[in-house]
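In the numbering used here, the protein residues as written are 12 to 245.
Ideal Cβ positions, reconstructed from N, Cα and C, are used throughout, including at glycine.
Here's what the structure looks like:
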């Protein structure tokens, strides 16, 4: 269970290949534990390019796929077949290769527009805690589609979804789970790779008010050596 004021745990690996192997193993281990305890595994997945290698390893490592339930942390408001859609990347890399029932893969209908998609997605999210939330880290410290200078929905009981109309990165319209809903989970993982993430990691370590640090209290952060700030001991 996440603790409100606890510090993150940093897991540093030499390169992205080793991270993806260990992270995929951790995800499948947590799936087995959740299924044994609660009969199902409710996982929120991150989009973008960084987790692709991890997702590609899951088909050969997971089991009891009929008990997995997949949700998205955010989505870009683009047509379903657009190559920038997180749902398309997940399908191509992982989900098309495993027998998770289609009704248990919960895609954000972002093609409907940010406001309508956020309303629809809020209605299908489970009332209980997620078992695991997997998030990425942007160079500006954003996570999911929670950007600096915007409302992140931090307060307990906030709307579980947010419609983003002016994101700092294209496309401007997006749908994101709120900070509160992302933290309503048994476990929270962040994944960050590459030297471009050093400034965001340094800001997090300094305790600055960036979205990743707010959402990531008590999280496990998986990163490669390149992402760790050069000015800090390794």
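What's the C-alpha gap between residue i and residue j?
i           : j           : result
residue 180 : residue 111 : 32 Å
residue 201 : residue 233 : 6 Å
residue 89  : residue 199 : 27 Å
residue 66  : residue 162 : 30 Å
residue 157 : residue 150 : 13 Å
residue 172 : residue 99  : 20 Å
residue 45  : residue 75  : 11 Å
residue 128 : residue 15  : 29 Å
residue 191 : residue 230 : 14 Å
residue 109 : residue 70  : 6 Å
residue 228 : residue 113 : 33 Å
residue 34  : residue 17  : 21 Å
Any Cβ of chain D within less than 8 Å of the Cβ of residue i?
i           : result
residue 153 : Given the protein chain composition of this structure (a single chain), no chain D is represented.
Could you please give me the residues that DSSP links to residue i through a beta bridge?
i           : result
residue 147 : 202
residue 176 : DSSP, once it has assigned bridges, lists no residue as partnering residue 176.
On the CB-based measure, 16 or more other CB atoms within 10 Å of its CB, does residue i come out buried or exposed?
i           : result
residue 252 : Look at the range of the chain in this structure, 12 to 245, and you will see that residue 252 is not part of it.
residue 25  : exposed
residue 135 : exposed
residue 222 : buried
The alpha helix (DSSP H) that contains residue i, what's its start and end?
i           : result
residue 191 : 190-194
residue 131 : 125-135
residue 215 : 209-216
residue 226 : 222-226
Give the range of the beta strand (DSSP E) segment to which residue i is assigned.
i          : result
residue 83 : 79-83
residue 13 : Note, residue 13: premise wrong, no beta strand (DSSP E); not H, not E.
Would you mind giving the Cβ-Cβ distance between residue i and residue j, rounded to the nearest angstrom? I have them listed as a contact below 8 Å.
i           : j           : result
residue 184 : residue 125 : 4 Å
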